[in-house]
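Structure first, then comments.
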Amino acid sequence: MPQIIRKIARTPIWILVFVGIALTPFFFQDDSNAIKPLLELPQDEILFQQGDMSEWSEPDFDDSDWAQVTLPDNWWQRGIRPMGAKCWYRIPFTLDNAFRNQTLVVSLGYVGSVSEIYLNGERIGGEGSFYPVSIPPQRTVHAAILPNQLLHYGGAENLLSVRVKSLVGAGGLLSDSLTVYPSDAFWDIKERAEYSRETWKIIVFAICLVCFCLFMGISYLIKDQYRGAYRATAWIAFANGFGVLYHSHLFQTSTGVSELVVLAYFVMTIILPVAMYQLARSVGRKKASPWFNGIMALSVVGYVGTALAAGPNFHLSALAYAILSSVSLILSLVLIVGGIRGGIPNAKVVLLGLLIFTTAGSLELISLAWGWLPYATLFWGPVELGIIGFLLAMSWVLLSQYFQIHRREQMLGQRLLKIQDDERQRIGHNLHDGIAQDLIALQYEIRLLQKGSEGKKAEQLRQVSEYTREILSETRALAEDFQPFSEGNRSLVGSIEEWEGQLQRRHKVKFTNEFSPVDVDGTIAEAIYRVIQEATQNACRHGRAEEIKVRLSDSNDDSVKLQIEDYGVGFDPLQINSTSLGVRFMKDRVEACGGQFSLKSELGKGTVVSVWLPKADERNLSKKVMQDGE
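Numbering (UniProt numbering), first residue to last: 1 to 630.
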């Protein structure tokens, strides 16, 4: 099963999903022309007034000072700042007796944004809500049934009054006509058209829900194994939780949840930039500066405070959100570029998701500033397209990280067992190359002693004694080499310096150390010590080095870097066998702890061993098996 999921995750299906979602709105057609209107209300008698008074709906109100407008009426084009503005329209019309026994619907077309419709002073419908919280309707045709008991027939005048409040985009009556339709046919067409447009919303809702479950599941699986991914996952899951709540208003008809929906959307707008920043931190090569965290926190506080204080001033709220998004973008880009330069896996994917989200978010802010509601009927919320791109990028990252861990779990047991076998072979080689050779020489001297003359026995006995001391010293050194590392009362640095002292006595080599304070767990300290043991011993025995430099320092907030550089004879890396015990021993031990190993050498110039290790072992299993193998 994991193999199947992995193949799906790494195919172009992600690109196809994103492109398909992006193009979905363009396949939705407005079917309002599928039926012909019974009547078009007169265009030359539409009156307009900016402001908001309840008596403006009454038929006997004096509207002689109202302005006359034609449709479409876009407030932005007439110099009215639409966001938060309230205006009224009064449209007089007459009906023949032929309409008396029909159920009629008046259609206002597209309206920006919230409407209330009155007939002869009585409220008959509307879209969206004015109180207690202004909720813009979905991009839909605003319409209401004309009750027979309120209508005047036979040429008597009727008054249609429309109260409009703009929340986002353009304000006003944005269609080119006001029309009357037969009720049953109109509602059927309207319902089908809105269902098709709402498919866009349902897709976003479904993907948010799937990603929420996916992120929470992966969080549980890798929380103790990949801290960076877990940190980003927690933020993304939190954001998608609010995303699910926000999009669930598709299935709510009660206005009782309006405040909760608006709150969910408001919180989601805060969480998403923070989630981007946290995701960038997880793929950054270097630790994020405390200044970065402080700037991000101030931006969030500034946006929340501004949004709460601005009230209906959406321009000010949009400006504050633009600042928050820009700060998140700049800080995230700095971290991601550092990750790309440092070769961090998936950093480029995160960058792609960030750019998609930023582009879509910019379009959303532009839509708040300019009236493009007719286009918005196709693109309902560009930021949602950005959310989808961001989620797909995050899904790729997390699935990739999870399957990397899954593969490593399969390989770890074999690799650690190989380390044990290598250790045994290494012990055998050391016994053969060291003690065994000394014993052969001792045996040869003893034979000479048995056959030699009396005058030479004193010198031969002295030679035997010297070989015996060398064998004893070699045996003790070998025992120390393979003694399991345990810090006990000594530090890691102290242990390294003690080992270097032993090599100095044996091989007369000079050591230069550059140690920075590092905080690592026992398994990582063991790996550092063993790599230094192997690399320095090889430099002395095979490289005939007279000077060795050892550097240990912090690489970033999650890892340390070790470098051993000798000035010996070096070797040709192309000639070294990939199964060479010493090199394989170091490489396998480092990779088993979740680190990276690099070796560079050149004839006559020496050898450089570079190692990057996490500060904490990613697998408790590796620690246990390593200790068992010692």
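Here a beta-carbon is modelled for each residue, glycine too, at the ideal position from N, C-alpha and C.
In this text, all values refer to a predicted model and were calculated from it rather than measured experimentally.
As assigned by DSSP and simplified to three states, the class of residue i
| i | result |
| --- | --- |
| residue 605 | coil |
| residue 513 | strand |
| residue 142 | strand |
| residue 90 | strand |
| residue 545 | coil |
| residue 74 | coil |
| residue 85 | coil |
| residue 100 | coil |
| residue 378 | Annotation note: pLDDT 40 at residue 378 (below 50); position unreliable, no value reported. |
| residue 58 | coil |
| residue 300 | helix |
| residue 420 | helix |
| residue 322 | helix |
| residue 594 | coil |
| residue 28 | Its pLDDT being 47, under 50, residue 28 is placed unreliably by the model, and the measurement read from it follows with that caveat. Of the three classes helix, strand and coil, the one that applies to residue 28 here is coil, per DSSP. |
| residue 579 | The predicted model places residue 579 with a pLDDT of 44, which falls under 50 and marks its position as unreliable; any figure quoted below should be read in that light. In the structure shown, residue 579 sits in coil (DSSP, three-state: anything other than H, G, I, E or B). |
| residue 173 | strand |
| residue 151 | coil |
| residue 461 | helix |
| residue 331 | helix |
| residue 307 | helix |
| residue 280 | helix |
| residue 95 | coil |
Which listed residue (the options) has its alpha carbon closest to that of residue i
| i | options | result |
| --- | --- | --- |
| residue 358 | 282, 176, 269 and 593 | 269 |
| residue 282 | 272, 291, 339 and 145 | 339 |
| residue 43 | 118, 63, 179 and 549 | 179 |
| residue 521 | 509, 550, 515 and 491 | 491 |
| residue 329 | 120, 350 and 188 | 350 |
| residue 596 | 561, 604 and 612 | 612 |
| residue 105 | 69, 184 and 70 | 184 |
| residue 327 | 173, 76 and 299 | 299 |
| residue 591 | 523, 509, 446 and 70 | 523 |
| residue 75 | 166, 568, 273 and 466 | 166 |
| residue 48 | 554, 337, 567 and 164 | 164 |
| residue 528 | 589, 567 and 95 | 589 |
| residue 601 | 567, 407, 295 and 86 | 567 |
| residue 559 | 278, 100 and 525 | 525 |
| residue 188 | 156, 321, 143 and 127 | 143 |
| residue 272 | 292, 294 and 321 | 321 |
| residue 555 | 174, 342 and 267 | 342 |
| residue 290 | 86, 331 and 276 | 331 |
| residue 81 | 112, 276, 100 and 561 | 112 |
| residue 36 | 186, 129, 87 and 79 | 186 |
| residue 296 | 308, 309, 277 and 307 | 277 |
| residue 191 | 141, 217 and 503 | 141 |
Residue range of the alpha helix (DSSP H) that includes residue i
| i | result |
| --- | --- |
| residue 496 | 492–507 |
| residue 49 | No alpha helix (DSSP H) contains residue 49, which is instead part of the beta strand (DSSP E) from 47–50. |
Range of the contiguous beta strand (DSSP E) that encloses residue i
| i | result |
| --- | --- |
| residue 127 | 122–127 |
| residue 181 | 179–182 |
| residue 666 | This structure does not reach residue 666, given that the chain is present from 1 up to 630, and the question cannot be answered. |
| residue 165 | 157–165 |
| residue 118 | 114–119 |
| residue 107 | 104–109 |
Cβ pair residue i, residue j closer than 9 Å
| i | j | result |
| --- | --- | --- |
| residue 122 | residue 162 | no |
| residue 496 | residue 550 | yes |
| residue 570 | residue 605 | yes |
| residue 493 | residue 545 | no |
| residue 534 | residue 582 | yes |
| residue 172 | residue 73 | yes |
| residue 97 | residue 154 | yes |
| residue 302 | residue 324 | yes |
| residue 214 | residue 280 | no |
| residue 514 | residue 552 | yes |
| residue 118 | residue 160 | yes |
| residue 38 | residue 177 | no |
| residue 182 | residue 120 | no |
| residue 563 | residue 609 | yes |
| residue 91 | residue 150 | no |
| residue 145 | residue 103 | yes |
Residues bridged to residue i [DSSP beta-bridge criterion]
| i | result |
| --- | --- |
| residue 600 | 608 |
| residue 553 | 561 |
| residue 40 | 179 |
| residue 275 | Bridge partners of residue 275: none, in fact. |
| residue 290 | Paired residue(s): none; residue 290 is not in a bridge. |
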